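**Student:** For the sequence shown, the working numbering gives the first residue as 443, with consecutive numbering after it. The structure is given below, and queries will be raised subsequently.
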Amino acid sequence: MPIVPSNRRTTLRPSAPEVQPLTHVIAIANQKGGVGKTTTAINLAGALAEEGMRVLLVDMDPQANLTAGVGINLNAVARSMADVLADGRCTFAEAILPTETEGIDVAPAHIDLASTEGELFTALGRENVLREAMTDAIGAYDYVLIDCPPNLGLLTVNGLVAADSVIIPVQTQFYAMKGLNNLVKVINAIRTKLNRNLKVLGLLATFYDGRTNLARDMLDEMRVVGDHHVFTTIVRSSVKLGEAPLVGRPITAYAGQSEAARTYRDLAQEVIDLGKA
Ligand SMILES: Nc1ncnc2c1ncn2[C@@H]1O[C@H](COP(=O)(O)OP(=O)(O)OP(=O)(O)O)[C@@H](O)[C@H]1O
Ligand SMILES: [Mg+2]
């Protein structure tokens, strides 16, 4: 487990930004587990930060894989999203920590988030808690990436309500498209009732192995089923990406010349371009 150094940089949030830049808030969601949501959040953040973007990662998963994956010692997290969401025990801004990677801050998760979900259930405006908590604190960032847990519960719903758009990683090693219907139904319901601006930024093929028919079929299916944009960038299965959680930094920072790093740079460029469209 990486140790948080004592000489940590300060977070990126200034007390009062002079110009309020446009902040893109992107949720990364799929109720299926292990499809590459957290990997996408960390490495897209790395590639965006390389482009000079200021990025905030928000960990909405009690597993806290994203928090650990950017090098935060989970035992040293004093204030987490659990405190932010449960009765506002701290403000969102107070929970934000700097990471080892220049340009990337994180609002960390904690295992307590699992019980927070239960507490949220009885809260008034329970789907809007994250959105409201974030509003005043994200102006200093160009991108806020929200890593959702592998279910369609209230934490994921809060992530989607707080977002402008959603990236859906789809693992191309399984017939994963069927399960997407439920996610798309939730997204549509949120769009109708809670966040009319929410759009699907794109489906992202992950764990791609072009040598298998299944992977190629899956990619074709992603492109024809539904009317969602499919990112041109395809994330291949990569040993280096699998190792990344142990390193505590995005792949762009620790294996910058690797194919996987180039892939996430391509994805970042697509995301930036889609934001301009
Ligand atoms: N393209 C890839 N190639 C190889 N391994 C990968 C790739 N993407 C992710 N992994 C590894 O697969 C595992 C699952 O990835 P990840 O944690 O990103 O998925 P997830 O959707 O966030 O999972 P969960 O639903 O549990 O939150 C991790 O160990 C990760 O390092
Ligand atoms: Mg995850």
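C-beta: ideal position from N, C-alpha, C; glycine also. These numbers come from a predicted model, not from an experiment.
Could you pull the start and end residues of the alpha helix (DSSP H) that Pro687 belongs to?
**Tutor:** On the sequence shown, position 245 is the one that residue 687 refers to. Element bounds for Pro687: Val681 to Val689.
**Student:** If distances are taken between C-alpha atoms only, which option among Ala695, Asp715 and Arg707 comes closest to Thr543?
**Tutor:** The sequence position of residue 543 within the sequence shown is 101, counting from 1. Thr543 has its Cα closest to that of Ala695, out of Ala695, Asp715 and Arg707.
**Student:** Determine the extent of the alpha helix (DSSP H) in which Lys641 is found, giving its start and end residues.
**Tutor:** As a first step, residue 641 is located in the sequence shown; it is residue number 199 there, counting from the start. Here Lys641 belongs to no alpha helix (DSSP H); instead the beta strand (DSSP E) covers Lys641 to Thr648.
**Student:** Relative to ligand 1, is the shortest distance from any of its heavy atoms to the C-beta of Phe616 smaller than 6 Å?
**Tutor:** For the purposes of this step, residue 616 is taken as the residue at position 174 of the sequence shown. No, the beta carbon of Phe616 sits no closer than 6 Å to any heavy atom of ligand 1.
**Student:** Exposed or buried, which one is Phe563 when buried takes at least 16 other CB atoms within 10 Å?
**Tutor:** The count along the sequence shown starts at 1 and reaches residue 563 at position 121. Classification of Phe563: exposed, given that the 10 Å Cβ count is below 16.
**Student:** Check Leu572 in the structure and name its three-state DSSP category.
**Tutor:** The count along the sequence shown starts at 1 and reaches residue 572 at position 130. If DSSP states are grouped into helix, strand and coil, Leu572 belongs with the helices.
**Student:** With a threshold of 8 Å, are at least 3 pairs of Cβ atoms found where one atom belongs to the stretch 670–681 and the other to the stretch 644–655?
**Tutor:** The stretch 670–681 is in contact with the stretch 644–655.
**Student:** Under a Cβ-count criterion, where at least 16 other Cβ atoms within 10 Å of its own Cβ denotes burial, should Asp529 be classed as buried or exposed?
**Tutor:** On the sequence shown, position 87 is the one that residue 529 refers to. By the 10 Å Cβ count, Asp529 comes out exposed.
**Student:** What three-state label does DSSP hand Ser448 in the structure shown?
**Tutor:** Position 6 of the sequence shown, counted from the first residue, corresponds to residue 448. Confidence in Ser448 is poor, its pLDDT being 39 and thus under 50, which makes the residue's placement too unreliable to answer from.
**Student:** Pull up the CB-CB distance for Asn593 and Glu569, whole angstroms please, since I reckon it's below 8 Å.
**Tutor:** In the sequence shown, residue 593 corresponds to position 151, counting from 1. In the sequence shown, residue 569 corresponds to position 127, counting from 1. Their Cβ separation, rounded to whole angstroms, is 15 Å, which puts Asn593 and Glu569 out of contact at 8 Å.
**Student:** Closer than 5 Å is what we want: which residues have a beta carbon that near any heavy atom of ligand 2? List them in chain order.
**Tutor:** Result: Lys479, Thr480 and Asn507.
**Student:** Given a cut-off of 7 Å on the beta-carbon distance, is the pair Ile546 and Val497 in contact?
**Tutor:** As a first step, residue 546 must be located in the sequence shown, where it is residue number 104. As a first step, residue 497 must be located in the sequence shown, where it is residue number 55. Yes, the pair counts as a contact, with Cβ atoms nearer than the cut-off.
**Student:** Pull up the distance between the alpha-carbon of Pro611 and that of Gly478, whole angstroms please.
**Tutor:** Counting from one through the sequence shown, the residue named residue 611 turns up at place 169. Counting from one through the sequence shown, the residue named residue 478 turns up at place 36. Between Pro611 and Gly478, the C-alpha separation is close to 6 Å.
**Student:** Tell me the DSSP bridge mates of Ile610?
**Tutor:** Taking the first residue of the sequence shown as position 1, residue 610 is located at position 168. DSSP output for Ile610 lists Leu645 as bridge partner(s).
**Student:** Tell me whether Gly684 counts as near ligand 1, meaning its Cβ is closer than 6 Å to at least one heavy atom of that ligand.
**Tutor:** Locating residue 684 in the sequence shown gives position 242, where the first residue counts as 1. Yes.
**Student:** Ignore the nearest five residues each way along the sequence and tell me which others in Asn637's own chain have a CB closer than 6 Å to its CB.
**Tutor:** On the sequence shown, position 195 is the one that residue 637 refers to. Same-chain partners within the cutoff: Val603.
**Student:** Which residues bound the alpha helix (DSSP H) around Tyr706?
**Tutor:** Along the sequence shown, one-based indexing puts residue 706 at 264. Taken as a continuous stretch (DSSP letters only), the alpha helix (DSSP H) holding Tyr706 covers Glu701 to Lys718.
**Student:** Heavy atom of ligand 1 less than 6 Å from the Cβ of Phe649, yes or no?
**Tutor:** On the sequence shown, residue 649 is found 207 positions in, with the first residue counted as 1. Checking the Cβ of Phe649 against ligand 1 gives yes.
**Student:** Leaving aside the five residues before and after Thr482 along the sequence, list all residues of the same chain whose C-beta is less than 6 Å from its C-beta, in chain order.
**Tutor:** The sequence position of residue 482 within the sequence shown is 40, counting from 1. Around Thr482: Ile470 and Pro611.
**Student:** Taking 6 Å as the line, does the beta carbon of Leu540 fall inside it for any heavy atom of ligand 1?
**Tutor:** Counting from one through the sequence shown, the residue named residue 540 turns up at place 98. Note that residue 540 is Pro in the sequence shown here, rather than Leu. Answer for Pro540: no, Cβ out of range of ligand 1.
**Student:** Any heavy atom of ligand 1 inside 6 Å of the beta-carbon of Ser680?
**Tutor:** As a position in the sequence shown, residue 680 is number 238, starting the count at 1. At least one heavy atom of ligand 1 is nearer than 6 Å to the Cβ of Ser680, so yes.
**Student:** Confirm the yes/no value for this check: CB of Gly595, any heavy atom of ligand 3, distance under 6 Å.
**Tutor:** Ligand 3 is absent from the structure shown, which contains only ligand 1 and ligand 2.
**Student:** Can you tell me which residues form a DSSP beta bridge with Arg678?
**Tutor:** Along the sequence shown, read from residue 1 onward, the residue named residue 678 stands at position 236. Beta-bridge pairing links Arg678 to Tyr650.
**Student:** Tell me whether Pro550 counts as near ligand 1, meaning its Cβ is closer than 6 Å to at least one heavy atom of that ligand.
**Tutor:** One-based indexing of the sequence shown puts residue 550 at position 108. Because no heavy atom of ligand 1 lies under 6 Å away, the Cβ of Pro550 does not count as near it: no.
**Student:** For Val512, which of Ala686, Thr558, Val628 and Arg573 has the nearest alpha-carbon?
**Tutor:** Indexing the sequence shown from 1 puts residue 512 at position 70. Minimum Cα distance to Val512 is reached at Ala686.
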